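Asker: Let me give you the structure first, and then I'll get to my questions.
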Amino acid sequence: MDSDLKPKSIVISSPEAQVSSASIEQELQKQFSEVKNATERQSIRELTRELARLSLDQVAAILETSGTIAGVSLRASLEFLRAAPEAGETLAAGELRLWGEMGRRLAIGDVETAISFFLAGVNDLKGVPPDA
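So the sequence shown is numbered by my numbering: it starts at 11 and just counts up by one.
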């Protein structure tokens, strides 16, 4: 892979960006406090923490793909979101999109099959060479 195509780290150094980052944090806290169910709040926090370990490209791919899956099935979309952080350790952003699209197509035919597909994860793909 060309070094120009590798994701780069984002460093927030300007005061405006730091203020923006702080306001995002405040907005997240406000949204979390509005969720009445403590279990849901914890689930959202865990998912956010897991997604934060991935690259920005991967997170964008996961969120975009989750939205397209939700157009077919909210349950399948939630299972995709739960499985995606672990899948992100194996798959690149484009591959995450393709994996999600496969699950979305399965959900069109049978939601339970799509959920099982996402629950199975991508561990079987770890042995496949990247150029295959």
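Every residue gets a Cβ at the ideal spot worked out from N, C-alpha and C, and that includes glycine.
Note that the structure is predicted; figures quoted are calculated from it, not measured.
With a threshold of 16 other CB atoms inside 10 Å of the CB of Ala97, please say whether the residue is buried or exposed.
Answerer: So Ala97 counts as buried.
Asker: Among the residues of its own chain, which have a CB less than 7 Å from the CB of Ala93, if the five just before and after it don't count?
Answerer: Phe128, Leu129 and Gly131
Asker: Would the beta-carbon of Pro143 fall within 8 Å of that of Leu61?
Answerer: Outside the displayed span of the chain (11 to 142) sits residue 143, for which this structure offers no information.
Asker: Do you know how far the Cα of Ala70 is from the Cα of Leu64?
Answerer: For Leu64 and Ala70, the distance between alpha carbons rounds to 10 Å.
Asker: May I have the straight-line CA-CA distance separating Glu56 from Leu91, to the nearest angstrom?
Answerer: 11 Å
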